Amino acid sequence: MIIRNFYDEKLAQASYLVGCAATGEAIVIDPLRDIEQYIAMANAQNLRITAVTETHIHADFLSGTRELSAATGATMYLSDEGDDLWKYAFADDPKAVLMKDGFVIKVGNLTLKAIHTPGHTPEHMSYLLTDHPAGETPHSFFTGDFVFIGDVGRPDLLERAANFVGTMEKGARVLYGSLQKIKDLPDSLLVWPAHGAGSACGKSLGGSPVSSLGYERKTNWAFQINSEEKFVDEVLSGQPEPPYYFKEMKRLNKIGPTVLGSMPNVPAKQVAEGPLVDVRSAATVRGNYYQGSLAIPSGKGLTNWAGWLLKYDEPVTLIAESQAQANQAARDMATIGLDVVAGWIDPVDLDASKFAPFEETTCQSLDGTEIVLDVRGINEWRNGHVNSSMHIPLGYLRERLNELPRDRKIVVHCASGGRSPIGVSILKQAGFEHVAEIAGGITDITLRCPTSVVTA
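Numbering follows the working numbering, in which position 278 of the sequence shown is assigned residue number 1756; successive positions increment by one, without gaps.
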């Protein structure tokens, strides 16, 4: 038996290739749209991908199930649980097989038994893997967004991200029932979740790639609560803000993502098409911001903030320092279905007179006339913020610009400088003339001006 984990740091998402060495067959669970990684690994292990499945209709990335099936001919195993609102629209594909609770997928000498574990979503499946030549005790549990390391999947996304009113509390109660359903599974099961630390699909996910069911029963908060009412209260409290693009991901993954055939290779442009999106590093943007552009620096946060801030029906042109940087940014966007990159421009081909550095400041330099704008998330803000600062999470800044005065300097900060350049660029795009940044964020403020930081 072969198990290979693929982890995307930018999405905090895990997918898996599971293969039978004896027969050379393999299945991929929860694939991303960038499928070459799975095909390359299968080839390296002398495996052929004969099946692909997903634990549920994802909200945080665009599924690669159709892409992988088109490339390899693999059978698509899709959940047929849940209500009619969350049935796969491409279930009539001749390569699709629909599954109910208890369905068994055969991969050579291995089997994956589908266990209906609703709560995060109505159709959610988890998979019990058994390596039959080694014995009849299940070896692994692929839990998707059901059980994470130290947490469980949030049940409020259908309501908060997809606007299905009234599903939040119902989902929490159903999730509690799913946890009761797996009480008889062995402690020895390895738990392989679909997300790790940093994902917005839960509130306290651990960073380990794998755990055991026994360990989770001892340490995961969700297994410590024996009251449904207390569980509902706890699982619905303190969840992070769901990105706007989650609703679009749900829609696209339900109807079936477009098959690309290959990931994008971005053409160089001399003239911009659509808005300019600067994907250079945060440090470069700070020292050389291009007037009118939206800064979404390359790195771990690009996918998330592109999903929050870009439109799915509007082409954009990237400001990048190289072809490789532009291609990587476009690939990151494609993982959430943002197939909108029309091209890229080298900064040397833009009007040099429109470049200028950000105004930088420190907490010691503030004189009380400024508006200190904190663009972190609500849970971060509650744990410590500048007294009398204004709090607008970055993803909501554009829609709340009318709350900010234009006749006072606005000083933007985040945690440590990863998000504040995006906030500064949003304000400058909107015509705010007096904008500065504390690049070190609340980390720097706490060190330099500790008495100014309070908790909610």
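Yeah, the Cβ is synthetic: ideal placement off N, Cα and C, and Gly gets one too.
This structure is a prediction, so every number in the text was calculated from the model and none was measured.
Exposed or buried, residue i, counting other C-beta atoms within 10 Å across all chains shown (16 or more means buried)?
i       : result
Val1819 : buried
Val1749 : exposed
Arg1886 : exposed
Gln1717 : buried
Ala1934 : exposed
Starting from residue i, trace the beta strand (DSSP E) in both directions and tell me its first and last residue.
i       : result
Glu1503 : 1503 to 1507
Ala1574 : 1574 to 1577
Pro1671 : 1668 to 1671
Glu1637 : No beta strand (DSSP E) holds Glu1637; the alpha helix (DSSP H) holding it covers 1635 to 1638.
Pro1795 : Checking the displayed sequence, the identity of residue 1795 turns out to be Thr instead of Pro. Unbroken beta strand (DSSP E) run through Thr1795: 1794 to 1797.
Gly1821 : 1819 to 1823
Ile1481 : 1480 to 1486
Ala1529 : 1526 to 1531
Gly1497 : 1491 to 1498
Met1554 : 1553 to 1557
Glu1915 : 1913 to 1915
Quick check on this structure: which residue in the options has the alpha carbon closest to the alpha carbon of residue i?
i       : options                            : result
Ala1612 : Ala1500, Phe1581, His1534, Lys1578 : Ala1500
Ala1807 : Asp1827, Gly1785, Leu1828          : Gly1785
His1536 : His1594, Phe1724, Gln1523          : Phe1724
Val1496 : Val1744, Thr1531, Trp1783          : Thr1531
Ser1686 : Pro1793, Ala1675, Gly1692          : Ala1675
Asp1571 : Lys1578, Ile1733, Pro1721, Phe1626 : Ile1733
Asn1521 : Thr1813, Glu1503, Pro1718          : Glu1503
Met1603 : Thr1839, Glu1637, Ala1592          : Ala1592
Val1890 : Thr1599, Leu1787, Ile1870          : Ile1870
His1598 : Asp1629, Glu1707, Thr1608, Leu1607 : Asp1629
Leu1879 : Phe1836, Leu1905, Gly1821          : Leu1905
Arg1809 : Leu1780, Phe1910, Gly1855          : Leu1780
Trp1822 : Val1755, Asn1857, Ala1746          : Ala1746
Thr1921 : Ala1908, Ile1480, Cys1841          : Cys1841
Val1907 : Thr1929, Pro1753, Leu1525, Thr1533 : According to the sequence provided, residue 1907 is Gln. The question's Val does not apply to it. With distances taken between Cα atoms, Gln1907 lies closest to Pro1753.
Ile1814 : Gly1846, Tyr1722, Asn1766, Ser1759 : Tyr1722
Thr1472 : Phe1626, Ile1774, Ala1518          : Given that the chain is displayed from residue 1479 to residue 1934, the structure contains no residue 1472 and the question cannot be resolved.
Measuring only from the beta carbon, is residue i closer than 7 Å to any heavy atom that is part of the ligand MG?
i       : result
Val1737 : Only the bare structure without any ligand can be found here, which leaves the ligand MG out of the picture.
Compute the distance between the beta-carbons of residue i and residue j, then report whether it is under 8 Å.
i       : j       : result
Leu1546 : Pro1509 : yes
Pro1616 : Leu1667 : yes
Ser1677 : Ala1893 : no
Val1757 : Gln1803 : yes
Tyr1654 : Phe1701 : no
Cys1679 : Gly1631 : yes
Leu1772 : Tyr1790 : no
Ser1689 : Val1669 : yes
Leu1556 : Arg1511 : no
Leu1635 : Pro1720 : yes
Leu1844 : Met1868 : no
Glu1706 : Arg1651 : yes
Ile1900 : Leu1872 : yes
Asp1561 : Met1577 : no
Phe1836 : Arg1764 : yes
Ala1917 : Glu1838 : yes
Ser1618 : Ile1527 : no
Ser1930 : Asn1865 : yes
Taking only the alpha-carbon atoms, compute the straight-line gap between residue i and residue j and give it to the nearest angstrom.
i       : j       : result
Gly1777 : Glu1614 : 44 Å
Asp1829 : Tyr1768 : 9 Å
Thr1595 : Arg1544 : 23 Å
Glu1601 : Asp1579 : 10 Å
Asn1743 : Val1794 : 14 Å
Val1506 : Glu1792 : 32 Å
Lys1696 : Asp1662 : 15 Å
Ala1935 : Phe1568 : In this structure the chain extends from 1479 to 1934, so residue 1935 is not present and cannot be described.
Met1727 : Val1826 : 36 Å
Ala1492 : Pro1671 : 7 Å
Tyr1605 : Glu1915 : 47 Å
Glu1647 : Arg1876 : 30 Å
Lys1584 : Thr1621 : 18 Å
Arg1854 : Ile1797 : 25 Å
Gly1551 : Tyr1494 : 18 Å
Tyr1485 : Asn1731 : 20 Å
Asn1782 : Tyr1874 : 13 Å
Met1479 : Lys1659 : 27 Å
Thr1924 : Glu1881 : 26 Å
Trp1699 : Gly1684 : 12 Å
Leu1691 : Asp1665 : 5 Å
Determine whether the Cβ of residue i lies closer than 8 Å to any Cβ atom of chain D.
i       : result
Leu1879 : In the structure shown, chain D cannot be found, because there is only a single protein chain.
Could you spell out the range, first to last residue, of the alpha helix (DSSP H) harbouring residue i?
i       : result
Asn1782 : 1780 to 1787
Glu1877 : Premise fails: Glu1877 is in no alpha helix (DSSP H) and is neither H nor E.
Asp1922 : 1919 to 1926
Glu1706 : 1706 to 1714
Gly1765 : 1760 to 1765
Leu1691 : 1691 to 1697
Phe1724 : 1723 to 1733
Thr1550 : 1543 to 1550
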